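Each step along the sequence shown adds one to the number in UniProt numbering, with nothing skipped, and position 277 is 277.
For each residue, glycine too, the CB sits at the ideal point set by N, CA and C.
Bear in mind the structure is a predicted one, so any value in this text is a computation, not a measurement.
This report refers to the structure that appears directly beneath it.
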Amino acid sequence: MRHLLGWGSAIIRNSSWTSALRNILPKRKKKIYNLGVCFEAEDVTVYNPSQLSDVQFLEYSNLSDGQHLREAVQNILIPRVVGTANHSIVRQYIVNSLRDLKWHVELNSFHDKAPIVGQLHFHNIIATLNPQAERYLVLACHYDSKYIPDVEFVGAIDSAVPCAMLLNLAKVLEEQLRPLQTAKLSLMLLFFDGEEAFEEWGPNDSIYGARHLAKLWEKQGKLDRIDMLVLLDLLGAPDPAFYSFFGNTELWFMRLADLEQRLAEKSLLERYVNSGVNNWDPTRYFQPQALRSGLVEDDHIPFLRRNVPVVHLIPMPFPSVWHTQHDNESVIDYATTNNLALIIRLFTLEYLLGAK
Ligand SMILES: [Zn+2]
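Spelled out as structure tokens, the structure:
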């Protein structure tokens, strides 16, 4: 992904999330200003699932499998540039892991031309619990790694850890997600191919998979089935700070913040303290500020342009190892990773099982 603007001056609003929650009233249409353009988007706050009860919250919070998460990371953590044998190995690993858990997995394959390497065969991985569902919560990340000449780049945060977190979610919540195999509102996991640029980030050299899929689904009329696209990127380093980028999904961002707070109050987060490596207020991951103009280009852009509601979970600023050879397993903070994975699992359950 690419970060276009400085972020320090971009915080335009600051309020506690409890008051923000109270202040957000459902509205049918909302204008989003992004990419210099005004988008009019459906406001997804009209769907208002119940918060997890205390009993559910405790039960679901106790589910985890840290060993599986590590193993998943290690299986993905090899150079996996599009078109290489390793890329196929990782794709097959993701596909097999989900099929073993009884997910319906499809590949969306296509050809495109990239600088330096020429014609390439790309494959987005689309996994659903119910392929016939009417609506989906979509959790997404990219599984290719960046081609950097003369560097063995394995991309731990970019994005082996996010991929592993999604596989881990499917594994840990296998039983809890089972009713979604027949539900009208269900879950989709999306592993984009070709997020990385080969030469220089630009409209024709980046997010190959996301551009192809958003266009295809628009043509097929399938974009309306996406309630929301939650994109995970650059996760795994300690002390991440996330911000709400888009007004029409702010309520959902606040739910993530609220789940974090609820876990913290019950001391259910692992080593939930500042490691001291960063200098902003790191006492929480989900920051109670909106960040509207710190534009980050990533796989969500082709969907955002087509009015799909987006939550972009990417730390700001980016971890310092981003696009360097130091983005390897040594940078992964498993306590932070487990904590984030837990928050995302609770959010997923609240969203999908909380229908009234
Ligand atoms: Zn990258």
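Write down the C-beta distance between residue i and residue j rounded to the nearest angstrom, noting that I regard them as a contact closer than 8 Å.
i    : j    : result
L259 : Q181 : The Cβ separation is near 25 Å, so there is no contact.
R80  : S145 : 5 Å
L229 : V138 : 5 Å
L69  : A237 : Contact doesn't hold; Cβ gap of about 15 Å is too wide.
I157 : L235 : 6 Å
S61  : L232 : Actually they are not in contact, since the Cβ atoms of S61 and L232 sit about 20 Å apart, beyond 8 Å.
L52  : L349 : 7 Å
Assign residue i to one of three DSSP states: helix, strand, or coil.
i    : result
H104 : strand
I343 : helix
F242 : strand
Q51  : coil
H68  : helix
L256 : helix
P162 : helix
L349 : helix
K27  : Residue confidence for K27 is low, a pLDDT of 36 falling below 50, so the modelled location carries little weight and cannot support an answer.
Y147 : coil
R135 : strand
V154 : coil
A264 : helix
A140 : strand
A355 : coil
F39  : The predicted position of F39 is uncertain, since its pLDDT is 48 and thus under 50; a value taken from the coordinates is nonetheless stated next. In this structure, F39 counts as strand in the three-state DSSP scheme.
A170 : helix
I32  : Note on I32: pLDDT 47, under 50, position unreliable in the model; no value is reported.
E270 : coil
R284 : coil
V44  : Residue confidence for V44 is low, a pLDDT of 48 falling below 50, so the modelled location carries little weight; the figure read from the coordinates is stated next. V44: helix per DSSP, three-state reduction.
N75  : helix
N279 : The pLDDT assigned to N279 is 48, lower than 50, so where the model puts this residue is not dependable; a value taken from the coordinates is nonetheless given after this. In this structure, N279 counts as coil in the three-state DSSP scheme.
Please name the residue, chosen from the options, that lies closest to residue i on a Cα-to-Cα basis.
i           : options                : result
A210        : S145, S244, S50, D193  : D193
A170        : S64, A290, A355        : S64
residue 362 : H312, I332, V90, V310  : Because the chain here runs from 1 to 356, residue 362 falls outside it and cannot be looked at.
L120        : S109, M228, L232       : S109
Q74         : F347, Y334, L346, A355 : Y334
I78         : H68, V154, L234        : V154
K102        : V90, E250, L232, R178  : R178
I76         : Y272, L256, L167       : L167
V296        : P288, D327, P317, Q287 : P317
V151        : T324, I343, S330       : T324
F246        : E199, H300, G202       : H300
M165        : G66, R306, E270, S267  : G66
Looking at the strands, I want to know which residues DSSP matches up with residue i.
i    : result
T128 : H104, M188
E195 : DSSP, once it has assigned bridges, lists no residue as partnering E195.
H300 : None; H300 has no bridge partner.
G2   : One detail in the question is off: residue 2 reads as Arg in this sequence, not Gly. Looking at the DSSP assignment, R2 forms a beta bridge with E297.
Counting only runs that start and end within the segment 79–125, where is the alpha helix (DSSP H) found for 4 or more residues in a row? Unbroken alpha helix (DSSP H) runs of no fewer than 4 residues, entirely contained in the segment 79–125, are found at 85–100, following chain order.
Would you mind listing the beta strand (DSSP E) stretches within the segment 199–252 that are 3+ residues and don't spill past its ends, in chain order? Runs of the beta strand (DSSP E) lying entirely within the segment 199–252, each at least 3 residues long, are 226–232, 242–244 in chain order.
Contiguous beta strand (DSSP E) assignments of at least 3 residues, all confined to the segment 302–338: Qualifying beta strand (DSSP E) stretches, in chain order: 310–313.
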